[in-house]
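Here the structure comes first, spelled out in structure tokens, and everything after it is commentary.
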Amino acid sequence: MSLFPEIDENKTRDRVRELLNDYMPMKRRVSFNDSVYDLTQAIQYSDMPKSPSSRNGTEHKTAMMFRGITKQHQNYHRKLAEIDYAIDQLPDIYQQILKKSYCVKNTCTINELAASITGYRINAYGQKEEFHYSIKNIERLKAQALIAFAEAYKRGELISLKN
Numbered sequence: 004m005s006l007f008p009e010i011d012e013n014k015t016r017d018r019v020r021e022l023l024n025d026y027m028p029m030k031r032r033v034s035f036n037d038s039v040y041d042l043t044q045a046i047q048y049s050d051m052p053k054s055p056s057s058r059n060g061t062e063h064k065t066a067m068m069f070r071g072i073t074k075q076h077q078n079y080h081r082k083l084a085e086i087d088y089a090i091d092q093l094p095d096i097y098q099q100i101l102k103k104s105y106c107v108k109n110t111c112t113i114n115e116l117a118a119s120i121t122g123y124r125i126n127a128y129g130q131k132e133e134f135h136y137s138i139k140n141i142e143r144l145k146a147q148a149l150i151a152f153a154e155a156y157k158r159g160e161l162i163s164l165k166n
């Protein structure tokens with residue numbers, strides 16, 4: 004019997020991928036400015052009085068619709084902030100891998116990640132050397148980054164345990 008329950012790593016990584024794959028669509032939806040598409044602000048010419056004597060049903064429906072849109076935008080903002088906060092809690096190499104894999108407009112493949120992410124080490128002569136990670140190392144680091152993200156996101160909400 005173990006002190007901590009075992010983590011089902013495959014399910015956990017799938018749940019994290021599902022959340023992170025929604026990052027850019029959420030960011031795109033939030034970036035739209037509502038005032039550009041708001042038809043109530045368009046210039047309207049009318050000979051009717053400015054203030055109506057009674058409340059019209061369409062005004063109420065429009066207000067309810069905009070209230071729903073703003074609630075959805077608030078939820079997206081909150082979720083994006085939570086994702087960004089969880090990524091910022093991770094080590095630098097995990098941050099680079101997750102941001103380049105999920106949080107940019109043009110995501111990187113494993114090969115592109117291996118070519119773009121560099122590391123540094125001190126050689127036997129005390130000189131700083133730059134190196135690139137292999138594809139296998141990037142795959143291993145990405146799997147570790149997904150698990151680390153699951154632990155950091157909302158205190159482990161995405162972690163799936165083995166039965």
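According to our numbering, the stretch in the sequence shown is residues 4 to 166, in order. Glycine included, C-beta positions come from ideal geometry on N, C-alpha and C.
In the structure shown, residue 97 adopts helical secondary structure according to DSSP, grouped into three states. Of all alpha-carbon atoms in 29, 158, 141, 118, the one lying nearest the alpha-carbon of residue 88 is that of 158. Residue 99 is classed as buried because its beta carbon has at least 16 other beta carbons within 10 Å across all chains shown.
Under DSSP, residue 135 forms a beta bridge with 121.
Put simply, the segment 124-144 does not touch the segment 71-85. Fewer than three CB pairs are less than 8 angstroms apart. Shown here, residue 116 sits in a helix according to DSSP, grouped into three states. Taking every protein chain shown into account, the CB of residue 156 has 16 or more other CB atoms within 10 angstroms, so this residue is buried. Going by DSSP, residue 26 is part of the alpha helix (DSSP H) stretching over 26-34.
Taken through DSSP and simplified to helix, strand or coil, residue 144 comes out as helix.
Taking all protein chains in view, the Cβ of residue 90 is crowded by 16 or more other Cβ atoms within 10 Å, so the residue is classified as buried.
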